[in-house]
Ligand code: ASP
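Residue numbers (our numbering): 49 to 467.
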């Protein structure tokens with residue numbers, strides 16, 4: 049059996065086993081086993097920094113052409129901004145039309161506010177002062193690249209690696225070559241590690257999903273069913289419209305082929321809730337199976353893991369409308385534009401780690417003057433939306449890489465009869 053089929057089976061079995069266990073009252077067994085799933089995520093995250101740095105430095109150094117770098121950079125950022133803004137707008141439109149917050153029971157509202165404000169007081173309090181947008185944007189320049197690596201600050205690492213790569217192009221061949229050789233070996237060794245980790249992937253995915261399903265408060269889902277359905281539904285809608293359209297008409301790639309080869313990355317993103325954890329697999333599949341050149345993939349994907357969050361954008365749009373509706377606040381067209389702008393910018397500086405979209409939602413609410421306690425309303429179902437939006441986020445990164453590669457003449461879709 050193919051590995052990607054096994055991974056999918058792991059996902060489905062995990063969800064079923066976890067849900068049954070929860071219903072029969074022993075969901076805690078899977079929750080206890082979650083540490084094994086977390087270990088699997090750690091293995092993936094372990095290789096992100098060396099992999100991204102080595103491939104980005106080699107990529108930039110081998111471009112040897114700053115114009116090309118600038119061009120790829122502009123296209124990538126352009127795609128990301130447009131896609132995220134459209135995603136937020138779609139979230140606003142769908143939630144505005146369906147009004148998931150309008151019918152929320154007054155009792156349920158009070159209950160949710162009380163429950164979550166009680167149990168998550170600290171978390172909510174720490175969010176009363178969301179970071180400013182300026183801090184997020186200028187933070188891209190690392191004071192100390194080693195600290196950036198230690199803190200896994202992806203944007204800072206990318207910034208430094210690009211400078212480093214550019215500097216190498218200026219050096220003489222004699223000075224550049226030894227370092228490039230070393231980095232190439234580092235890169236190849238990381239790829240070997242990815243292959244090894246993939247062998248246990250079906251089990252890792254099984255445990256992660258079973259633990260989520262075994263812990264889930266299904267009651268909360270029921271009371272927030274409309275919100276969850278609108279959130280997840282809009283993400284699915286975006287995935288089956290925006291990406292296929294850009295793939296087909298701008299990149300000349302059959303969307304079905306794309307999803308058949310790419311879904312494995314979506315499963316990883318879904319089970320880990322982290323674009324960063326899914327990055328090593330995304331790099332591998334986008335390069336090997338979708339045919340994007342290494343130069344393009346190693347620039348567009350790590351940047352996208354932090355900057356491009358289409359799913360998070362949808363989540364911001366839907367949640368803002370939902371919370372505003374529950375509080376009886378109706379948003380003016382001007383405020384809707386503010387949501388699109390703040391949600392797009394907020395997603396730029398947010399790292400690809402679990403739950404960050406929930407924190408940046410505070411920035412959007414604050415910009416509109418919506419009470420931040422409203423966050424408590426959606427906290428109970430946050431995980432399920434986090435999983436879904438992460439799967440959308442990584443899809444957007446790869447679709448962008450395919451498009452950029454196509455425009456650069458660096459897309460060579462491999463023929464595979466196994467798909
Ligand atoms: N977990 C998401 C990601 O890694 C970010 C978010 O919380 O929205 O892409």
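No residue lacks a Cβ here, since even glycine has one placed at the ideal position from N, Cα and C. Everything numeric in this text was worked out from a predicted model, so none of it was measured.
For the options 209, 68, 396, 72, the alpha carbon positioned closest to that of residue 186 is the one of 396.
Residue 201 has its CB no nearer than 7 Å to any heavy atom of the ligand ASP. At a Cβ-Cβ threshold of 8 Å, residue 444 and residue 356 count as neighbours. Rounded to the nearest whole angstrom, the CA to CA distance from residue 391 to residue 285 is 19 Å.
Boundaries of the alpha helix (DSSP H) around residue 254: 249 to 263. Counting every other CB atom within 10 Å of its CB across the protein chains shown gives residue 394 a total of 16 or more, marking it as buried. Under the three-state reduction of DSSP output, residue 340 falls in the strand class.
Excluding residues up to 5 positions away in sequence, 439, 442, 443 lie with their Cβ nearer than 7 Å to the Cβ of residue 314 in the same chain. Between the stretch 370 to 389 and the stretch 333 to 342 there are fewer than three C-beta pairs closer than 8 Å, too few to call the two in contact.
Distance from the C-beta of residue 316 to the nearest heavy atom of the ligand ASP is not below 7 Å. By DSSP's assignment, residue 273 forms no beta bridge with any residue. Between the stretch 415 to 425 and the stretch 236 to 250 there are fewer than three C-beta pairs closer than 8 Å, too few to call the two in contact. A distance below 6 Å between beta-carbons, with the five flanking residues on each side excluded, links residue 298 to the following residues of its chain, in chain order: 451. Per DSSP, residue 150 lies in no alpha helix (DSSP H) segment and is marked neither H nor E.
Checking the DSSP bridge columns, you'll see residue 459 partnered with 340.
For residue 405, the number of other beta carbons within 10 angstroms of its own is at least 16, and it is reported as buried. Fewer than three pairs of CB atoms, one per stretch, sit closer than 8 Å, so the stretch 118 to 133 makes no contact with the stretch 231 to 241. DSSP, read as helix, strand or coil, puts residue 64 in helix.
Annotated as proximal: residue 262 and residue 76, with beta-carbon spacing under 8 Å. Between the alpha carbons of residue 257 and residue 145 lies a distance of about 32 Å. Distances between the C-beta of residue 390 and the heavy atoms of the ligand ASP are all 7 Å or more.
Segment contact: the stretch 61 to 68 against the stretch 324 to 336, fewer than three CB-CB distances shorter than 8 Å; contact not assigned.
Setting aside the 5 residues that flank it on each side, residue 449 is surrounded in the same chain by 334, 340, 344, 345, 348, 349, each with a C-beta closer than 7 Å to its C-beta; the list follows chain order. C-alpha of residue 133 to C-alpha of residue 388: approximately 6 Å in a straight line. Classified as buried, residue 204 has 16 or more neighbouring CB atoms from the shown chains inside 10 Å of its CB.
The DSSP assignment places complete alpha helix (DSSP H) segments of no fewer than 4 residues inside the stretch 56 to 121 at 76 to 94, 96 to 111, in order along the chain. Minimum Cα-Cα distance from residue 95 among the listed residues 131, 126, 240, 371 corresponds to 240.
For the pair residue 139 and residue 365, the CB atoms are nearer than the 8 Å cut-off. The residue from 260, 108, 227, 309 with its alpha-carbon nearest to that of residue 464 is 309. At a threshold of 7 Å, residue 381 does not count as near the ligand ASP, since its beta carbon sits no closer than that to any of the ligand's heavy atoms. The beta carbon of residue 97 sits closer than 7 Å to the beta carbons of 197, 200, 205 from its chain, once the five residues preceding and following it are set aside; these are given in chain order.
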